[in-house]
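Only one structure is covered here, and it is reproduced in the block below.
Residue numbers (this note's numbering): 27 to 219.
Structural data, given as structure tokens:
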């Protein structure tokens, strides 16, 4: 698994505002941490059970995170970075994660340290045609007293000859990332399963 991390804090870089709503009203922020039953209102979670499982875990009491946004897609547009896998198709997703703990959420060093350590741990995962990138960005959480904070966008791609193979590799990689996050949160650095 190819694992990278980045930081995007420039004036022109994406910034998340919570709560959010698309202009056409077709999608909005759903507080899955406090209302897990809303998972059924996320079309991507209904279409891809692996994404639903990750969102369910990420918003559970066992997780130090909550989620803000997600998406999943298939593409045959292979970028230069994707060519290393030698496959014509990719299945991708992203999930926006925020620490639930207000102190951790507002500290850049906490977010950067987490993604740096997570990427390092994932580089030891079994070989699989997949790539993960975790990006630290700015967030304005209008639900909080201290609104300015940080969030992590976790991108994941699985690659294959066709969509079923790419999706299968993505699903395996999604589980590996979940296990790595769990290990990272519990201070364990053993092998990723």
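Beta carbons: idealized from backbone N, C-alpha and C, even for Gly.
- Of the candidates 155, 186 and 127, the residue whose Cα lies closest to the Cα of residue 175 is 127.
- One thing to note: residue 151 has its Cβ within 8 Å of the Cβ of residue 202.
- Nearest to residue 204 by alpha-carbon distance, out of 173, 110, 90 and 100, is 90.
- Residue environment for residue 134: exposed (fewer than 16 other C-beta atoms within 10 angstroms of its C-beta).
- For residue 98, the enclosing beta strand (DSSP E) begins and ends at 91 to 101.
- A distance below 8 Å separates the beta carbons of residue 117 and residue 189.
- Scanning the stretch 179 to 214 from its first residue to its last, the whole alpha helix (DSSP H) runs of 4-plus residues come out as 189 to 211.
- By the Cβ neighbour-count rule, residue 52 is exposed, with fewer than 16 other Cβ atoms within 10 Å of its own.
- Judged by DSSP in its simplified three-state form, residue 128 adopts helix.
- Here the alpha carbons of residue 156 and residue 97 stand approximately 17 Å from one another.
- Residues of the same chain with a CB within less than 6 Å of the CB of residue 48, apart from the 5 flanking positions on each side, do not exist.
- Looking at the DSSP output, residue 106 shares a beta bridge with no other residue.
- Between the stretch 28 to 48 and the stretch 155 to 174 there are three or more C-beta pairs closer than 8 Å, enough to call the two in contact.
- When the Cα atoms are used, residue 99 and residue 148 turn out to be separated by approximately 22 Å.
- Contact between residue 186 and residue 115 holds: CB atoms are separated by about 6 Å, below the 8 Å threshold.
- By the CB criterion at 8 Å, residue 84 and residue 144 fall outside the cutoff.
- Taken atom to atom, the span from the alpha-carbon of residue 60 to that of residue 68 is near 15 Å.
- If you draw a straight line from the Cα of residue 137 to the Cα of residue 130, it is about 7 Å long.
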